[in-house]
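The opening position of the first sequence corresponds to residue 220 in the working numbering, with each subsequent residue numbered one higher.
Since the structure comes first, as structure tokens, the remarks are kept for the end.
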Amino acid sequence: MAKEITNRSEDYSQWYNDIVKKAGLADNSAVRGCMVIKPHGFALWENMRDQLDRMFKDTGHVNAYFPIFIPKSFLSKEAEHVEGFAKECAVVTHHRLMNDPDGKGVVVDPSAKLEEELIVRPTSETIIWHTYRDWINSYRDLPLLVNQWANVVRWEMRTRLFLRTAEFLWQEGHTAHATKQEAVEETLQILDIYAKFAEEWMAMPVVKGVKTVNERFAGAEDTYTIEALMQDAKALQAGTSHFLGQNFAKAFDVTFLDENQKRELVWATSWGVSTRLIGGLIMTHSDDDGLVLPPKLAPQQVVIVPIPKPSEEVDEVAEKIMATCKEKGIRCIFDKDLKKRPGFKFAEYEMRGVPVRIGIGKRDLEKNQVEIARRDTKEKTFVPIDGAVDYIEGLLVEIQNNLFQKALKFREEHTSSADSLEEFKEILDTKGGFVKAHWDGTTETELKIKEQTKATIRCIPLENEKEEGVCILTGKPSAQRVLFARSY
RNA sequence: CGGGAUGUGGCGCAGUCCGGUAGCGCACACGGCUGGGGGCCGUGUGGUCGCAGGUUCAAAUCCUGUCAUCCCGACCA
Numbered sequence: 220m221a222k223e224i225t226n227r228s229e230d231y232s233q234w235y236n237d238i239v240k241k242a243g244l245a246d247n248s249a250v251r252g253c254m255v256i257k258p259h260g261f262a263l264w265e266n267m268r269d270q271l272d273r274m275f276k277d278t279g280h281v282n283a284y285f286p287i288f289i290p291k292s293f294l295s296k297e298a299e300h301v302e303g304f305a306k307e308c309a310v311v312t313h314h315r316l317m318n319d320p321d322g323k324g325v326v327v328d329p330s331a332k333l334e335e336e337l338i339v340r341p342t343s344e345t346i347i348w349h350t351y352r353d354w355i356n357s358y359r360d361l362p363l364l365v366n367q368w369a370n371v372v373r374w375e376m377r378t379r380l381f382l383r384t385a386e387f388l389w390q391e392g393h394t395a396h397a398t399k400q401e402a403v404e405e406t407l408q409i410l411d412i413y414a415k416f417a418e419e420w421m422a423m424p425v426v427k428g429v430k431t432v433n434e435r436f437a438g439a440e441d442t443y444t445i446e447a448l449m450q451d452a453k454a455l456q457a458g459t460s461h462f463l464g465q466n467f468a469k470a471f472d473v474t475f476l477d478e479n480q481k482r483e484l485v486w487a488t489s490w491g492v493s494t495r496l497i498g499g500l501i502m503t504h505s506d507d508d509g510l511v512l513p514p515k516l517a518p519q520q521v522v523i524v525p526i527p528k529p530s531e532e533v534d535e536v537a538e539k540i541m542a543t544c545k546e547k548g549i550r551c552i553f554d555k556d557l558k559k560r561p562g563f564k565f566a567e568y569e570m571r572g573v574p575v576r577i578g579i580g581k582r583d584l585e586k587n588q589v590e591i592a593r594r595d596t597k598e599k600t601f602v603p604i605d606g607a608v609d610y611i612e613g614l615l616v617e618i619q620n621n622l623f624q625k626a627l628k629f630r631e632e633h634t635s636s637a638d639s640l641e642e643f644k645e646i647l648d649t650k651g652g653f654v655k656a657h658w659d660g661t662t663e664t665e666l667k668i669k670e671q672t673k674a675t676i677r678c679i680p681l682e683n684e685k686e687e688g689v690c691i692l693t694g695k696p697s698a699q700r701v702l703f704a705r706s707y
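Below is the structure:
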């Protein structure tokens, strides 16, 4: 098969592409900028989706579904919002095809032009707030806590599998509240859910913070973010939660009567994470042998490989282990494929990121043991058959923790402080990563720093210590350091 | 959208400069030998050379256009 993966040190981008393709996560498609998510990649997404969905439901949210098409006029209602997306919208202009009168194929029927063009949703704020106007009349209708799992389209110039595609899958939550405080609390609650999911499920450490004016979502009052650091020391925005104030309530005239019979505008939030998380997952843990997956999200947690091939004795033990795994809720498969040899299978499952591999051969059975190999460290050990599943149960937890600790250590080693622009540039050009530095709080300075260094302010961390200092560019006073990095 | 590179069986590539009717490795099929980290030998299947025009007796090769992918930049989740 000779499926070689480019080394990270050689060409990081190519390494990433190789992992995506050779681990069977996704392929490019016939449509520019769009990808085919393959079964292995989709199974991963399903696990992520299911867990997030549980977390949303546990905090009182419900799912709904809104149309993929948005009337063009809706996007004109909130000026700032539309400005953020206008450049990357797909537009539907016609609703019928016809046979080409000149010969082969089909052409757009010019007589089927739409009265009003439809925009393929880049995000659903507008159509949802148009709908909320009908749903909300009284304070008794609030809060309204709705999420949807959907695809969206943003016509990107430059795409990369999972990280930035023209069409992607995501969830978008849209909530309406009676008070500002409640909406702000909702925004932060979701940020906490995202952070918890990233750290406890993806084993990907994140920094929670608030975006600068320049970096925040079009139409939001505040954008909160979770920022992760990839293995090439570039930052990845992994999820955002927006406090929208009353901007959409005003634009779509969504009001309610409060307890005092007074008509008030509602307060809003929106928040989302996307298939981009899969890109983050890959770049946080994987190595030169392929994908590395955290056990909690891995489609298959354990694979049993018979050595050198299935036999009655081996099968019996394997089936027993499978059954015990199933009882314990461990996802386990047994590869009985006769056409592939063990060495091939080892390489293949390493490529696909299966956290634990069990090898069972005649020699093991004689000693009443199996060989257990872990994907994260490549360590192998022999364990008595009877205790194998218990051992694996503990091992999966250990792998999950190890991946998180390893990633955390990497982030800590790649988080620096800079007190001058020279030092700042020096760090970015050598080790990269997050750089904590003082900033005078203006967009102008932020843009100048970006121009000179290609680094942007990823966020102002929420758990930030106050520290007096001076801006590394202008020397003006600053009350705290902010987090800079070059990013995806 | 700017700059650079690349499109040749499923995958990776050679052939292109200097035009003569397509080749290698892997994969795949069949047979045999094997068997604890991507096996070996043999026999085979599979390609209108990204697409569309043009030049020519003749085009993978030369010319024009176009599409796609990758890398770098601007923009964004």
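Where is the CB? At the ideal position from N, CA and C, for every residue including glycine.
Whole-angstrom C-beta distance between Leu-557 and Pro-529, which should lie under 8 Å: 7 Å
Short of 6 Å in beta carbon distance, which residues of its chain neighbour Gly-688, apart from the five on each side in sequence? Order them along the chain. His-657, Ser-697
Could you check the C-alpha separation between Asp-237 and Thr-662 for me, to the nearest Å? 38 Å
Measuring alpha carbon to alpha carbon, tell me which of Glu-434, Val-429, Gly-438 ends up nearest Thr-444. Val-429
Let's test the definition: count the other Cβ atoms within 10 Å of the Cβ of Asn-466 and tell me whether it reaches 16, buried, or not, exposed. buried
From the DSSP output, in three-state form, read off Glu-377 for me. Correcting the residue type first, residue 377 is Arg in the shown sequence and not Glu. Here Arg-377 sits in coil by DSSP.
Let me know the secondary structure DSSP gives Ser-248 once reduced to three states. coil
Lys-667 and Leu-692 look like a contact to me (Cβ under 8 Å); what is the Cβ gap, rounded to whole Å? 6 Å
Backbone CA spacing between Arg-373 and His-314 [nearest angstrom]: 21 Å
Are the region 324-343 and the region 295-313 touching, with three or more C-beta to C-beta distances below 8 Å? yes
Name the two residues that bound the continuous alpha helix (DSSP H) containing Leu-584. 581-585
Nonlocal neighbours in the same chain, by C-beta distance under 7 Å from Ile-289, ignoring five residues either side: Leu-337, Ile-338, Arg-340, Thr-345, Ile-346
List the endpoints of the continuous beta strand (DSSP E) containing Asp-441. 441-448
Per DSSP, what are the beta-bridge partners of Gln-699 in this structure? Lys-685
Report yes if the CB atom of Leu-388 is closer than 9 Å to the CB atom of Ala-417, and no otherwise. no
With a floor of 4 residues, list each alpha helix (DSSP H) that falls wholly inside the region 542-584, ordered by position along the chain. 561-571
Stretch pair the region 421-436 + the region 498-509: three plus CB contacts closer than 8 Å: yes
Environment of Phe-601 [buried if 16+ CB atoms lie within 10 Å]: exposed
Would you identify the three-state DSSP class for Met-317, choosing helix, strand or coil? strand
May I ask you to report which of helix, strand or coil DSSP gives Gln-671? helix
Kindly confirm or deny that the region 558-566 and the region 583-591 touch, where touching means at least three C-beta pairs closer than 8 Å. no
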